[in-house]
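Engineer: Numbering (the numbering used here), first residue to last: 4 to 100.
Where is the CB? At the ideal position from N, CA and C, for every residue including glycine.
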Amino acid sequence: MLGESGFIIIGLALATAVALLLVIAYGPLRGVTRFVRRSFWCPFLERDVTVEFQEEAWDGRPVGVMRCTAFDPPTAITCQRRCLGLRRLPAGKARAA
4 MLGESGFIII GLALATAVAL LLVIAYGPLR GVTRFVRRSF WCPFLERDVT
54 VEFQEEAWDG RPVGVMRCTA FDPPTAITCQ RRCLGLRRLP AGKARAA
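1. Tell me the rounded alpha-carbon separation between P93 and F47.
2. From K96 to T53, what distance separates their C-alpha atoms?
3. One question on the structure: do A60 and T81 come within less than 8 Å of each other, judged by their Cβ atoms?
4. Can you give, in chain order, each stretch of the beta strand (DSSP E) that sits fully within the stretch 13-78 and has at least 3 residues?
5. Report, in whole angstroms, the separation of the C-beta atoms of C86 and V68, which I expect to be a contact under 8 Å.
6. Are there 16 or more other CB atoms within 10 angstroms of the CB of F38, so buried, or fewer, so exposed?
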C-alpha cells in the first residue's frame, strides 16, 4: 500500500515530531553559551569599555561578564555587572562624537 517514499515521509514526520517535543520539554539550547566582545559606553562607570560577554547562543542574551577593560587586569571585575541588564549597549562616546 505504501511505497518506499511513503515510509520515508512517515519516518521524517515522526523524527520531526520527536525533535519538537524535545525542544518544548528541555528548551531551545538552554545552557549553550558563546563568548563575544562588545565595545560601548558604560553608563555606570562613565567611560568607554570593551567587554567580553558570555551570552546565550539561542537568543544572544548576555549572562556573564568575563573581561572588561575598565579594570586592571580585565578579569578582575569588581562592579555589580549591571551592563547585563541593559536592553541596548550605548554607543561609545569617542565614536559617537
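Structural biologist: Concretely, from the data shown:
1. 11 Å
2. 13 Å
3. no
4. 36-45, 50-59 and 65-71
5. 7 Å
6. exposed
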